[in-house]
Amino acid sequence: MKKILTLSMLALCVSHSAIAANYSLNNDNIALSFDDANSTVVVKDTRANHPLKPQELFFLTLPDETKIHTADFKVKHVEKQDSGIVVDFTHPDFNVTVKLNLVKGKYASIDYTIAAVGQPRDVAKITFFPTKKQAQAPYVDGAINSSPIIADSFFILPDKPIVNTYAYEATTNLNVELKTPIQPATPVSYTTYFGTFPETSQLRRSVNQFIDAVRPRPYKPYLHYNSWMDIGFFTPYSEQDVLGRMDEWNKEFIAGRGVALDAFLLDDGWDDLTGRWLFGPAFSKGFGKVREKADSLHSSVGLWLSPWGGYNKPRDTRVSHAKEYGFETVDGKLALSGPNYFKNFNEQIVKLIKTSTLPRSSSTGWVMPIRILRAARSPRILTPLLHCCITCAAPIRICLLT
């Protein structure tokens, strides 16, 4: 009996060691590894021989301050791909998918996708890649949200500006506070990027090179005319107003001085003021003629929309129709966080891309300021050249550029 028991225990140990595995990837600067026996991740600067090993991949903080750690999840599946390692974690209340990626030959990233199980779940905060004593004197280089963490030879930063970066003494993490429940059908996603720099004098250059490498297109100015404070200023304008301005800009700028204009951006004043972002009476047939004129000038048409309904009297008029169409509001403004308004807003953007109203060809582009990064997903899937950037006048501007 003792022999049988010993052999059984040995078989169990062999079986466990056979199942447990270490997955690794590397590029010119960074090596990634994941050990599925204990969910250990290591991000290593191979040139400086400096590893970063987080205390855990992530943890969730609930409204009552209860924490759900990575160790509270079970590893359901691990898969190694050409440039990534995908790990699926399960928990009675949440599913989390983590993907470790090699990026552009010399960077790395970790994607986090969190979905609720069974019903919406409240989460106060999600913390990503918390470290302790992994760098001599880590710090956040900047005063605004999402400024990069500098940890010895690494810089670490999120993809979304709503994610906070934290460094104090020898600890670091990235975290995001949530104001709405996580849904089963609409998971939340965040990405943490890792880059390296050879010496302190090259930090700024290295970060700028990283930003240019991972953005959807290389940096380039987007010179355009904006109708705001010209033909429209809290007032509607007509097709003839737009065509007239295009003729004037062609005469004095494009043909007159040989300067190419990327777009004519039509700001507030084009819609029907119902909050549905439909064309107003002055553009009952859309922007067909405006686009034809833009094409003839080797330019394009841009269009402004506001996630909360705009400003001043036009905003109040749009918001007054919210109940009629079932749109959600917050503080007297349309709420893009509401499912009904978001659905309409997103559908209108997609419709504008799919129809001939706004340009999609290789010689043209379009611009739309919006607020929430979520609303950029569907358009970018439709047209990979879609580019998002933060602006002052409108929180996010989406550009289809070529």
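Under full-length UniProt numbering, think of the first position of the sequence shown as 1, with each following residue one higher. Cβ atoms here follow ideal geometry from the backbone N, Cα and C, with glycine treated the same way.
Original post:
For the stretch 235 to 254 against the stretch 327 to 335, are there 3 or more C-beta pairs whose distance is under 8 Å?
Top reply: Judged by Cβ distances under 8 Å, the stretch 235 to 254 makes no contact with the stretch 327 to 335, as fewer than three pairs qualify.
Subject >> Exposure of residue 403, with buried meaning 16 or more beta-carbon neighbours within 10 Å >> reply: Only positions 1 to 402 of the chain appear in this structure, which leaves residue 403 out of reach.
**OP:** Could you tell me which residues DSSP pairs with residue 403 in its beta bridges?
**Re:** Residue 403 cannot be examined here, being either before or after the span of the chain that is shown, 1 to 402.
Subject >> alanine 31 in three-state terms, based on DSSP >> reply: If DSSP states are grouped into helix, strand and coil, alanine 31 belongs with the strands.
Original post:
Between which two residues does the alpha helix (DSSP H) carrying lysine 285 extend?
Top reply: Looking at the DSSP string, lysine 285 is not in any alpha helix (DSSP H), and its letter there is neither H nor E.
**OP:** Excluding the 5 residues preceding and the 5 following aspartate 88 in the sequence, name in chain order all residues of the same chain whose CB lies nearer than 6 Å to its CB.
**Re:** Closer than 6 Å at the Cβ level, and outside the excluded window around aspartate 88, lie Lys76, His77 and Thr97.
Original post:
With DSSP run on the structure shown, which of helix, strand or coil describes glycine 244?
Top reply: Under the three-state reduction of DSSP output, glycine 244 falls in the helix class.
Original post:
So, helix, strand or coil for arginine 200, using DSSP?
Top reply: Here residue 200 is threonine; the residue named in the question, arginine, does not match the sequence. Note: threonine 200 maps to helix in three-state DSSP.
**OP:** Using alpha carbons as the reference points, say which of His91, Asp36 and Leu100 lies closest to serine 83.
**Re:** That would be Leu100, whose Cα lies nearest to the Cα of serine 83.
Original post:
Which partner residues of glycine 302 appear in the DSSP bridge assignment?
Top reply: Per DSSP, Leu265.
Original post:
Are the stretch 201 to 213 and the stretch 124 to 139 touching, with three or more C-beta to C-beta distances below 8 Å?
Top reply: No, the stretch 201 to 213 does not touch the stretch 124 to 139.
Original post:
By how many angstroms is the C-alpha of serine 206 removed from the C-alpha of glycine 142?
Top reply: The C-alpha of glycine 142 lies about 16 Å from the C-alpha of serine 206.
**OP:** Please name the residue in Trp228, Gln81 and Gly269 whose C-alpha comes closest to that of arginine 315.
**Re:** That would be Gly269, whose Cα lies nearest to the Cα of arginine 315.
Original post:
Using the beta-carbon count (16 or more within 10 Å), is tryptophan 366 buried or exposed?
Top reply: In this prediction, tryptophan 366 scores a pLDDT of 40, lower than 50, which makes its location untrustworthy; the coordinate-derived value is nonetheless stated afterwards. Classification for tryptophan 366: buried.
Original post:
Beta-carbon separation of asparagine 95 and valine 117 under 7 Å?
Top reply: Asparagine 95 is a Cβ neighbour of valine 117, given a cutoff of 7 Å.
Original post:
What did DSSP end up calling arginine 360 once you bin it into helix, strand or coil?
Top reply: In this prediction, arginine 360 scores a pLDDT of 38, lower than 50, which makes its location untrustworthy; no coordinate-derived value is stated.
Original post:
Does DSSP put alanine 294 in a helix, in a strand, or in coil?
Top reply: The answer is helix: DSSP assigns alanine 294 an H, G or I state.
Original post:
What separation, rounded to the nearest whole angstrom, lies between the Cα atoms of phenylalanine 283 and proline 218?
Top reply: Each residue's alpha carbon lies about 34 Å from the other.
Original post:
Name the DSSP beta bridge partners of asparagine 175, please?
Top reply: BP columns for asparagine 175 point to Thr127 and Asn164.
**OP:** Express the C-alpha separation of aspartate 267 and alanine 167 in angstroms, rounding to a whole number.
**Re:** Those two C-alpha atoms are separated by around 41 Å.
Original post:
Would a C-beta distance cut-off of 7 Å place serine 299 and leucine 243 closer than the cut-off?
Top reply: The answer is no: Cβ separation not under 7 Å.
Subject >> Which of helix, strand or coil DSSP assigns to proline 51 >> reply: In the three-state reduction of the DSSP assignment, proline 51 falls in the strand class, which pools E and B.
Subject >> N-terminal and C-terminal residue of the beta strand (DSSP E) that phenylalanine 155 is part of >> reply: 154 to 158 is the span of the beta strand (DSSP E), which, as asked, contains phenylalanine 155.
Original post:
In the DSSP assignment, what residue or residues form a beta bridge with tryptophan 228?
Top reply: According to DSSP, which records beta bridges pairwise, tryptophan 228 is partnered with Gly232.
Subject >> Burial state of methionine 229, where buried means 16 or more other Cβ atoms lie within 10 Å >> reply: Counting Cβ neighbours within 10 Å, methionine 229 comes out exposed, since fewer than 16 surround it.
Original post:
Which whole-angstrom value is the C-beta distance of arginine 257 and tyrosine 225, which I expect to be below 8 Å?
Top reply: Your pair arginine 257 and tyrosine 225 does not check out as a contact, with CB atoms roughly 14 Å apart and the cut at 8 Å.
Original post:
Going by other Cβ atoms of all chains shown within 10 Å of its Cβ, with 16 needed for buried, is glycine 232 buried or exposed?
Top reply: Buried: at least 16 other Cβ atoms inside 10 Å.
Subject >> DSSP beta-bridge partners of alanine 116 >> reply: DSSP lists Phe94 as partners of alanine 116.
Original post:
So what does DSSP say about serine 337, is it helix, strand or coil?
Top reply: Here serine 337 sits in coil by DSSP.
Original post:
Do glycine 105 and aspartate 28 have their C-beta atoms within less than 7 Å of each other?
Top reply: Cβ atoms of glycine 105 and aspartate 28: closer than 7 Å.
Original post:
Can you tell me where the beta strand (DSSP E) with aspartate 45 in it begins and where it stops?
Top reply: For aspartate 45, the enclosing beta strand (DSSP E) stretches over residues 40 to 45.
Original post:
Excluding five sequence neighbours on each side, which residues of the same chain lie with their C-beta closer than 6 Å to the C-beta of serine 24?
Top reply: Excluding sequence positions up to five before and after serine 24, its CB lies within less than 6 Å of the CB of Ser33, all in the same chain and listed in chain order.
**OP:** May I ask which residues mark the beginning and end of the alpha helix (DSSP H) holding asparagine 26?
**Re:** Asparagine 26 -> not in any alpha helix (DSSP H); beta strand (DSSP E) instead, spanning 22 to 26.
Subject >> Cα-Cα separation between serine 189 and lysine 313, rounded to whole angstroms >> reply: Their Cα atoms are separated by approximately 36 Å.
**OP:** State the beta-bridge partners of isoleucine 149 as determined by DSSP.
**Re:** Isoleucine 149 pairs with Val140 and Ile156.
**OP:** Could you check the C-alpha separation between valine 103 and glycine 286 for me, to the nearest Å?
**Re:** Looking at the two C-alpha atoms, the distance is approximately 41 Å.
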